[in-house]
Each structure stands twice: as C-alpha cells, then as structure tokens.
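Presented below is the structure to which this report refers.
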Ligand SMILES: [Zn+2]
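Numbering (the working numbering), first residue to last: 9 to 521.
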C-alpha cells in the first residue's frame, strides 16, 4: 500500500525540508510521455527515505534487519529470474526495506524501490512465508510500476509536495495512540484518494506477487493464510489499527482468487508449527515495537516459570526470549539473566535459533555493562561464513554487536579493523559508519572519527549534516597540520574528495526543488 484513509498530519507539521521552497515548483524531470521516469522516481524515493531515517520510529535492529533480508533478497532474485524486475529498475532503484518501530500491522511500497515494514506486522505473522507473501505483494507494486503510474497522475505536483503527501500518509498510518496530529479534513482525504492503488493494481500485485513467492521457494499457501489472518484481525479490531487492510481491501473475490491459486494436491503447511527462530524473532519485534512499562512487564508475567514447563519448546522459547529482552529494557539484570539462562537450557535444535539465543546472551551482557562476557560469547560463536549462493546471508548482527562489545571492553582496534572491512563491502551502512566513528574516537583518531561520522550521515542521505562534519574534519586538519602523521595526510585528502562529492549532491538536490 502506499497510503491510508486519512491524513492526520497538518502541513505545518511536515518536516521542514519538504516545506515549500521560495522558488516556483515545477517537476522538471518528467519524461516526454508524461510518465515519471525511474530517475525522478528514485530521487522522490530518496527524499522520502531521508525523512524516514530521521524519524525516531525508524529502527535498524541488525537481528531483525537480517531476518527480513533473508526473506527480501530471495524475492528479488526470484523477481529477476521471472523477468518481473527489469535490469534498468534493478540498477536504478534502492530495493531497500526500512523497518519502523510502530506496532500497527503495515507494509508499504514507496517510490524508488524503498519499502516500509512496521514491526507490528513482523510480530503477527506466523511464518517467514507469510511475511514473504506481504513483501512479494509490495515488491510487485514497484516492479509493475504502479507507484510510477500514481506519481504520473500527480505530475503537476512539485516533488516536495508529493514527498510531503506521502510522508503525511505514513504518519497517519501509525498506531492511533502514537498519532499526536491534527486532522486536516477534505483536502487531505482527497490527496489520500489520489495516492491509493486501484483494484486492478491490487489484483495484479497479488498475481505477480504470488508468482514471485512460488519462484523464491516460499510456501504459496502463506498468501491465503496471510489474507485470512488479516481478515480476522480486521474483524477483531476495527479501531483503525490495521491500515494495511484499509488500503488493501479484502474483497471476498480477492480472497477466493488467492485460494484458487493454490496448486491442487499440495498439502497446506502447518503454519501453527512455527520454527523456534521465527517465534523468537516475532517476540523480538513485539518487544521492540511496544516498550511501554506495562507491555514489558506483561512479558515477565507470561514467561514459563520453570524448566520442565509442559508447553511446546517453540512457545517457551518465544516467551523466554521476549521476557529476557523485556527485563533488560526494564533494567532488571537479574530477571534478564534468569530468563536467558532458562532459554539457553531449552532443547532447541534449529541452528539459526541456537545462534539467536547466543546473540541475545551477548546483547544482554553488553547492556548490563559486562563487555568482557559479551566479547567472550561472541568470540565463541564466531561470524557466519559467507555463502556464494546466498550472498545476503551476512554476519551483520554478529559484526555490529561485536564492534560495540570490543569498544566497550577497551579493544577499539579490533572494532576498527572489522568495521573498515565491512564498510568497504557495504559503504551505505550507516550503523557501521557510526560504530566506526566511535571506535576511532576511542583510539584518539579524531579526524577519522569525524570522517566516519560524516559517512554515516551520507548513508542516510542527510547531505547537509554530512557537510557540517566534513567541514569540521577540514578544520581539524588545519589545526593539527604540524603534528599530522602521514596516515592523516591521506585521510585529509579523502575528506576533501568526499566533501566535494557531497557538495555536488547537495547542489543537485537544490536544483530539483
Ligand atoms: Zn497492494
């Protein structure tokens, strides 16, 4: 979905960078055919993504991001193989899933290949396959150029206004209790209607998404179970907390269509029998999406009390994982330690799940200030080996957590070594650059620290903040010119070069307005 039933944000609350500029506003980048070209769409997407990165609800939790990537990347591979994803779009668009802390059940496609996914949705799906079915549907809205067609209809609007409309719709899509905004009325409702997908587009996204899901090897039945689940949710709770549904109306026709797609004779998977890893990650999503004291305490109340609890291992694993994380957020280290110990003693045989338990143990040790214990735990499990057939299976959760643990344990050189390698492969990883900045700082390497912090801002498309830091880095070079080492001379020339590059990006941005 792109947008929701009502705007609840006034224009005055739109982020300052999307407010009207003084110059006249005409979209100069439309192709002659009147269709928004992929470059213009990508730039519009970046404009929106930049604001989402700054939103306090945006969350880069390496464990959950890794989980989502493990679903998203195979879908992209499948879309390429089927020819749904053209080479041009593949290269030009971001193909990035951004996680939001919000607990509403929502996923949405944005211009330029950016997708938004609320933790509320991650917390309610009962399998990877169900999450895959939602992402495949959203992916198809992009590959079928539905977004581009909607944007084309809006082509008389300036990019800043389109960006503001979409951001306003996103703000309105959050949990009602999180919205502190003003209802703007008919004008907003009209704008909303313009942003919605047509029923034909929905049907096409279902059809293409289903094909992608099958090709990627996910259980195709998940499409129907997911629809069923969303249907039940809407019956249980019609308070407006399910914007995904409101923009994706579940007509009986659509539901019957999905069920008829299921190949005959294929046994429906028992989605109730979740894998322990999925159950734990779903618990993590629910804890991170609702960190009110009451919600966190509820996890402690629901945890199995002792070893030998009769409930299934998967259910126990999820409850204990959630309780340990919740106790840590409540700053109750004794309770966190006892729950994570109980979790560790469960007979979990799934390797991915066993690794998640170790990562949680290390995360909690670090949160309690026992960095040495965290380093020891992380060293004992080691990073994941890269697989040629699945290059998206990285060891990012391990690398990010290890870097934090090394810095906290007074071993920042280990962190810089690992992170330097990492950003060479993933130069757009803002969290890695931020950690690298801290690690350099801990080693007294001020220039490198400031440069890494500038790169973190570039990675989140905030070129103005990046320029501030590049300028600060140049000032540092001038001040310390006399005692600068050779290494710093090289770093200084990198700063000059990167500053020029970012300056030209800023100029391009200014022209677009
Ligand atoms: Zn849709």
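We put the CB at the ideal spot given by N, CA and C, even for glycine.
| Item | Value |
| --- | --- |
| Residue 116 lies in the beta strand (DSSP E); which residues open and close that run? | 115-117 |
| Nearest to residue 153 by CA position, among 440, 101, 426, is which residue? | 101 |
| Judging by CA-CA distance, which residue of 58, 298, 178 is the nearest neighbour of residue 204? | 178 |
| Between residue 205 and ligand 1, is there a pair consisting of the residue's CB and a ligand heavy atom that are separated by less than 7 Å? | yes |
| Our contact map puts residue 130 next to residue 139 with C-beta atoms below 8 Å; I'd like the distance itself, whole angstroms only. | 7 Å |
| Using a Cβ distance threshold of 8 Å, determine whether the region 384-394 contacts the region 52-68, with at least three qualifying pairs required. | no |
| Does residue 66 come out as helix, strand or coil in the three-state DSSP assignment? | strand |
| Measure the alpha-carbon distance for residue 373 versus residue 156 and round it to whole angstroms. | 47 Å |
| With a 10 Å radius around its C-beta and 16 neighbouring C-beta atoms as the bar for buried, classify residue 312 as buried or exposed. | buried |
| Using the Cβ count rule (16 or more neighbours within 10 Å means buried), how would you classify residue 274? | Note that residue 274 has pLDDT 45, beneath the 50 cutoff, so the model's placement of it is unreliable and the number below is only indicative. So residue 274 ends up on the exposed side. |
| Output the distance between the C-alpha atoms of residue 99 and residue 142, rounded to the nearest integer angstrom. | 23 Å |
| For residue 289, which option in 361, 437, 305, 354 has the closest C-alpha, if you only look at C-alpha atoms? | 361 |
| Note down the Cα distance separating residue 482 from residue 228, rounded to an integer number of angstroms. | 55 Å |
| Answer yes if the region 446-466 comes into contact with the region 43-52, meaning at least three C-beta pairs across the two stretches below 8 Å, and no otherwise. | no |
| Grab the span of the alpha helix (DSSP H) containing residue 575 for me, first residue to last. | Nothing can be reported for residue 575: it is not among the residues displayed for the chain, which extend from 9 to 521. |
| Using the beta-carbon count (16 or more within 10 Å), is residue 245 buried or exposed? | Since pLDDT at residue 245 reaches only 44, below the 50 mark, its modelled position is unreliable, and the value read off the structure follows with that caveat. Looking at its Cβ environment, which holds fewer than 16 other Cβ atoms inside 10 Å, residue 245 is exposed. |
| What number of angstroms, rounded off, separates the C-alpha of residue 411 from the C-alpha of residue 308? | 30 Å |
| So which of 465, 371, 519, 293 has the shortest CA-CA distance to residue 110? | 293 |
| Which residue's Cα is closest to the Cα of residue 413: 472, 429, 377, 220? | 377 |
| Looking at the structure shown, is residue 338 part of a helix, part of a strand, or coil, going by DSSP? | coil |
| Taking 7 Å as the cut-off, is the C-beta of residue 138 nearer than that to any heavy atom in ligand 1? | no |
| Kindly indicate which three-state DSSP category residue 125 falls into: helix, strand or coil? | strand |
| Nearest-angstrom Cα distance between residue 524 and residue 438? | Within the shown structure, residues of the chain are numbered from 9 to 521, placing residue 524 beyond reach of any answer. |
| How would you label residue 342, buried or exposed, when you count the other beta carbons within 10 angstroms and need 16 or more for buried? | exposed |
| Heavy atom of ligand 1 less than 7 Å from the Cβ of residue 212, yes or no? | no |
| Under 7 Å: does the beta carbon of residue 149 sit that close to some heavy atom of ligand 1? | yes |
| Which runs of the alpha helix (DSSP H) spanning at least 4 residues fall entirely within the region 401-452, listed in chain order? | 404-416, 420-433, 438-450 |
| With a CB to CB cut of under 8 Å and the five nearest residues on each side skipped, what residues in its chain are close to residue 305? | 334, 338 |
| By Cβ distance, which residues of its chain are closer than 7 Å to residue 89, with the 5 residues on each side in sequence left out? | 223 |
| Look up residue 357 in the DSSP assignment and say whether it is helix, strand or coil. | coil |
| Going by DSSP, what residue range makes up the alpha helix (DSSP H) through residue 143? | 136-151 |
| Determine the direct distance from the alpha carbon of residue 472 to that of residue 190, and round the result to whole angstroms. | Caution applies to residue 190, whose pLDDT of 35 falls short of 50 and renders its modelled position unreliable; the value that the coordinates give is listed next. Between residue 190 and residue 472, the C-alpha separation is close to 29 Å. |
| Select from 52, 126, 212 the residue whose C-alpha is nearest the C-alpha of residue 120. | 52 |
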